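Below: the structure, in structure tokens.
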Amino acid sequence: MRALIVDSGQLRLEKHYPDPVVDETTALVQPTCMGICDTDLQLLRGYMDFSGVLGHEFVGVVCQGPEEWLGKRVVADINFACQACDWCARGQQHHCPQRTVMGILNANGVFAESVAIPVSNLLAVPDSVSDDQAVFTEPLAAAFEILEQVSIGKTERVLVLGDGKLGLLCAQAVATTGASVTVWGHHQSKLDRIADRVHGVISPDWEGRPFDVVVEATGTREGLQSAIASVRPKGTVVLKSTVADAHQLSLAPIVIDEILLVGSRCGPFQRALQALDHGEVDVNCLVDYIFEFDQAIEAFEHAGRRGVLKVLLKPELK
Ligand SMILES: [Zn+2]
Ligand SMILES: [Zn+2]
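Residues 1 to 318 (our numbering) make up the sequence shown, in order.
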């Protein structure tokens with residue numbers, strides 16, 4: 001099958017990659033739409049030391065597996081857990097020490113003609129949600145994880161740092177609580193895309209009015225420092241960016257102001273699908289380019305450019 005693989009930091013489109021192996025616990029899924037994520041770009045630069053088929057954002061159709069799933073349009077939780085350890089028994093599959101992660105850690109991803117996925121990870125996509133929306137389920141779930149971890153109500157003032165894909169999704173997820181959300185970024189054109197849902201600012205004009213909750217989604221090393229400087233005493237900083245570089249910052253403000261620092265990764269896929277189904281968030285406004293799978297290398301070049309938001313891949317453009 002055709003597959004986009006990363007090998008020693010090199011991206012390569014293979015025409016004859018071995019087909020995935022399926023057993024009674026897995027289903028074979030043919031992706032119909034795939035999203036390029038910043039994590040994919042980082043994996044190319046050596047993050048996680050990954051090699052194999054790249055990609056974890058997708059929607060697809062089950063072509064082999066249990067009868068009740070055949071022909072179904074699906075998305076899937078990207079963490080493949082062992083389902084046998086203490087963490088899994090406690091319902092914490094995202095932290096299973098034996099887990100593999102699709103397209104990120106010891107499991108092939110979705111940038112291919114087909115991918116093998118544990119049946120227990122599959123979620124059916126409601127008919128009302130298009131492929132171009134469903135492909136956002138994974139990053140949107142990561143955004144909704146914030147609400148699993150931090151109690152945010154209507155009276156809370158929340159700042160999201162970063163106007164990239166993740167920042168704009170986090171802002172929209174938080175805005176579903178009715179909280180007042182401010183997004184800080186460099187690009188008015190990006191902030192404008194969700195202007196009807198949140199308040200966007202370019203210059204950091206919030207000095208002197210600290211926020212109850214600050215979500216750091218800049219993807220930069222400096223983001224955490226800005227987040228700590230923007231939160232009120234006893235406030236909460238949620239760290240969404242995975243920055244591979246080492247941080248160098250003073251932790252004293254965290255102690256003095258008793259700031260709660262929360263790391264935040266993968267989230268509830270069902271909640272993300274529900275939000276797409278109910279129109280609580282707008283993801284279509286984040287799509288900049290759609291490429292045919294055969295143009296995947298070119299698509300990656302576009303995805304890596306400054307100011308570009310989501311780039312999608314499809315087996316073929318109709
Ligand atoms: Zn992603
Ligand atoms: Zn486990």
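Note that beta-carbon positions come from the ideal geometry of N, C-alpha and C, so glycine has one too.
From a predicted model like this one, the values you see are computed outputs, not experimental measurements.
Between Ser114 and Cys63, the gap from beta carbon to beta carbon is short of 8 angstroms. Between Ala217 and Lys240, the C-beta spacing is below 8 angstroms.
Counting only heavy atoms of ligand 1, the residues whose C-beta sits closer than 6 angstroms to one of them are, along the chain, Cys37, Thr39, His56, Glu57, Glu138 and Pro139.
Not a single heavy atom of ligand 2 lies less than 7 angstroms from the C-beta of Cys33.
A distance criterion of 7 angstroms places the beta-carbon of Ala84 in contact range of ligand 2, judged by its closest non-hydrogen atom. In the structure shown, Lys314 falls within a strand segment according to DSSP collapsed to helix, strand and coil. In this structure, the C-beta of Gln42 stays at least 7 angstroms away from each heavy atom of ligand 2. Assigned with DSSP and collapsed to three states, Phe293 falls in helix.
Taking every protein chain shown into account, the CB of Ile202 has fewer than 16 other CB atoms within 10 angstroms, so this residue is exposed.
Glu138: member of the alpha helix (DSSP H) spanning Thr137 to Gln149, first to last residue.
In this structure, ligand 2 has a non-hydrogen atom nearer than 7 angstroms to the beta-carbon of Ala81. In its chain, beyond the 5 residues on either side, Ile202 have a beta carbon closer than 7 angstroms to the beta carbon of Gln188. When DSSP reads this structure, Phe58 sits in a beta bridge with Met34. Residue Asp192 holds the alpha-carbon nearest to the alpha-carbon of Asp282 among Ile297, Asp192, Asp212 and Glu24. Distances from the CB of Cys63 to the heavy atoms of ligand 2 are all 7 angstroms or more. Around the beta carbon of Ala299, 16 or more other beta carbons sit within 10 angstroms, so the residue counts as buried.
In the pairwise beta carbon analysis, the stretch 52-68 is classified as touching the stretch 17-37: at least three pairs are separated by under 8 angstroms. In the displayed model, Met48 falls within a helix according to three-state DSSP. In this structure, Val158 and Val215 form a Cβ contact; the two beta carbons are roughly 7 angstroms apart against a cut-off of 8 angstroms. Val308 has its alpha-carbon roughly 27 angstroms from the corresponding atom of Asn79. With contacts defined as CB atoms closer than 8 angstroms, Arg232 and Pro210 qualify as a contacting pair.
By the CB criterion at 8 angstroms, Cys285 and Ile194 fall inside the cutoff. Sorting Ser250, Asp86, Gly223 and Gln10 by C-alpha distance to the C-alpha of Arg45 places Gln10 at the top. Here Arg271 carries a helix assignment [DSSP, helix/strand/coil].
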